[in-house]
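Participant: Residue numbers (the working numbering), protein chains in the order written: chain U, 8 to 216; chain S, 8 to 216.
Structure below; questions to follow.
2 protein chains.
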Amino acid sequence: MEKRVSEAVIRRLPRYYRYLKMLQGMGVERISSKSLGEIMETTASQIRQDFNCFGGFGQQGYGYHVGELKNRIAEIIGLNKGYQIIVVGAGNIGQALAGYRAFLQEGYEITALFDNDPHVVGGSVGDIPVLPMDDLERFIQRNRVDIAILTVPEQHAKAAAQLLCDAGIRAIWNFAPVDITLENLVCENVQLTDGLMALTYKLNAANGQ
Amino acid sequence: MEKRVSEAVIRRLPRYYRYLKMLQGMGVERISSKSLGEIMETTASQIRQDFNCFGGFGQQGYGYHVGELKNRIAEIIGLNKGYQIIVVGAGNIGQALAGYRAFLQEGYEITALFDNDPHVVGGSVGDIPVLPMDDLERFIQRNRVDIAILTVPEQHAKAAAQLLCDAGIRAIWNFAPVDITLENLVCENVQLTDGLMALTYKLNAANGQ
Chain U
8 MEKRVSEAVI RRLPRYYRYL KMLQGMGVER ISSKSLGEIM ETTASQIRQD FNCFGGFGQQ
68 GYGYHVGELK NRIAEIIGLN KGYQIIVVGA GNIGQALAGY RAFLQEGYEI TALFDNDPHV
128 VGGSVGDIPV LPMDDLERFI QRNRVDIAIL TVPEQHAKAA AQLLCDAGIR AIWNFAPVDI
188 TLENLVCENV QLTDGLMALT YKLNAANGQ
Chain S
8 MEKRVSEAVI RRLPRYYRYL KMLQGMGVER ISSKSLGEIM ETTASQIRQD FNCFGGFGQQ
68 GYGYHVGELK NRIAEIIGLN KGYQIIVVGA GNIGQALAGY RAFLQEGYEI TALFDNDPHV
128 VGGSVGDIPV LPMDDLERFI QRNRVDIAIL TVPEQHAKAA AQLLCDAGIR AIWNFAPVDI
188 TLENLVCENV QLTDGLMALT YKLNAANGQ
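Below, the structure is given as structure tokens:
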């Protein structure tokens with residue numbers, strides 16, 4: 008794995024993958040960094056610089072082979088491996104994410120949800136069972152779980168993250184409104200409200216206020 | 008409104024607001040950029056640099072007044088105004104966002120959802136009515152709508168965004184898996200799958216693979 012790739016580049020990788028997949032679906036075989044930049048509303052130089060973090064993928068003057076580049080980026084992200092995911096917290100957001108079909112298309116399989124609420128435990132979201140929180144540790148011991156999506160209320164988030172970490176989980180996608188940082192854990196803190204506030208700032212800036 | 012504030016700073020503003028609100032809730036009255044940096048896992052210099060985009064908020068050597076700084080950042084984001092929001096697409100994600108209570112606490116009120124599915128139209132999410140898409144334009148003409156949350160399927164996203172834009176909406180928070188860019192519109196493209204992929208990259212990088 009390449010080292011010292013910046014957070015900004017990591018955030019752009021999925022977007023490159025997404026656009027290349029779309030271009031491939033449209034039958035485009037080759038594309039220059041200039042054209043890719045125009046479609047993605049960025050610059051050719053940004054694209055070349057990003058790709059150079061991974062050794063660069065193009066031959067000068069020939070552009071990129073769309074399918075190969077897409078596959079190479081998928082490999083860098085690690086999409087070729089497939090991932091088993093659990094959702095901890097089966098409230099509205101948890102259920103919505105469990106039912107989000109785009110994940111499955113990219114090799115992410117959600118295998119179980121966990122909750123404490125007797126109204127949802129024992130039920131299912133689509134085909135995915137909602138299990139009691141008491142079963143969480145045992146489930147992780149007996150099944151492969153690569154990633155946990157955390158959607159419990161704020162006051163339970165840190166304890167739930169610690170429990171997951173102690174049980175051996177190494178990656179958490181956290182939707183609870185509190186930042187999680189734990190040793191030996193990679194965590195993406197989503198903070199939905201932050202996105203809405205960034206949009207609000209831009210709306211006001213656009214209005215010249 | 009201050010000009011030329013970078014995307015990175017805009018993204019950090021809500022996080023400052025969030026941490027300052029938490030500190031205020033804990034009874035902290037004053038904080039140095041050094042201590043704030045430690046809590047937020049950033050540097051004092053980053054914080055001072057960010058705040059300088061807005062003229063700076065502290066007196067050298069005295070640190071920041073937590074409550075005043077929080078209020079000032081809220082004002083910069085535009086949180087003091089209150090916002091009326093509609094959700095276009097009343098599927099799982101749309102319903103989950105409509106029911107997300109943290110938005111209301113910050114002055115964002117969701118007033119209606121819109122969908123085409125006869126199984127959900129006429130119903131409600133909590134107290135929020137689900138109205139038919141045919142009513143969308145008229146609703147926007149007759150009611151104040153500051154922001155639209157877009158959660159329709161991919162194939163309908165661009166048309167729905169155009170419709171919203173034509174009806175006078177100036178801000179869209181887009182959860183559909185396709186980037187939206189339209190003139191005279193500010194749009195935050197969320198791309199849930201991108202976040203999961205960024206996490207996947209980091210998980211593999213942490214595993215040294």
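Beta carbons: idealized from backbone N, C-alpha and C, even for Gly.
1. Does residue 83 of chain U have its Cβ less than 9 Å from a Cβ in chain S?
2. Residue 113 of chain S: buried (16+ other C-beta within 10 angstroms of its C-beta) or exposed?
3. Smallest Cα separation from residue 72 of chain S: which of S:43, S:60 and S:111?
4. Quick check: is the beta carbon of residue 33 of chain U nearer than 9 Å to any beta carbon in chain S?
5. Can you pull out the residues from the stretch 192-216 of chain S whose beta carbon lies closer than 9 Å to at least one beta carbon of chain U?
6. Given a threshold of 16 other Cβ atoms within 10 Å of its Cβ, counted over all protein chains shown, does residue 23 of chain U qualify as buried or as exposed?
7. For chain S, check one thing: does any of its Cβ atoms lie closer than 9 Å to the Cβ of residue 184 of chain U?
8. Quick check on residue 13 of chain U: buried or exposed, where buried means 16 or more other Cβ atoms within 10 Å of its Cβ?
9. Compare the C-alpha of residue 213 of chain U against each of S:92, S:57 and S:176 and name the closest.
10. Does residue 88 of chain S have its Cβ less than 9 Å from a Cβ in chain U?
11. Identify the continuous beta strand (DSSP E) that holds residue 196 of chain S and give its terminal residues.
12. Where do the ends of the alpha helix (DSSP H) carrying residue 181 of chain S lie?
13. Quick one: grab the DSSP three-state call for residue 139 of chain S.
14. Whole angstroms are fine: how far does the CA of residue 33 of chain S sit from the CA of residue 116 of chain U?
15. Exposed or buried, what is residue 125 of chain U when buried is set at 16 or more other beta-carbons lying within 10 Å of its beta-carbon?
16. Give a yes or no on whether 9 Å exceeds the smallest Cβ distance from residue 188 of chain U to chain S.
17. Roughly how many angstroms lie between the CA atoms of residue 193 of chain S and residue 141 of chain S, to the nearest whole one?
18. Do three or more CB pairs link the stretch 89-96 of chain U to the stretch 151-161 of chain U at distances below 8 Å?
19. If contact means a Cβ-Cβ distance below 8 Å, which residues of the stretch 17-33 of chain S contact chain U?
Facilitator: In short, the structure shows the following:
1. yes
2. buried
3. S:43
4. no
5. 192, 193, 194, 195, 197, 198, 199, 200, 201, 202, 203, 204, 205, 206, 207, 208, 209, 210, 211, 212, 213, 214, 215 and 216
6. Around the C-beta of residue 23 of chain U, 16 or more other C-beta atoms lie within 10 Å, and the residue is accordingly described as buried.
7. yes
8. exposed
9. S:176
10. yes
11. 193-196
12. Element bounds for residue 181 of chain S: not the alpha helix (DSSP H) but the beta strand (DSSP E), 178-181.
13. strand
14. Going from the Cα of residue 116 of chain U to the Cα of residue 33 of chain S covers about 40 Å.
15. Only exposed fits residue 125 of chain U, as fewer than 16 other CB atoms lie within 10 angstroms of its CB.
16. yes
17. 24 Å
18. yes
19. Correct list: 17, 18, 20, 21, 22, 24 and 25.
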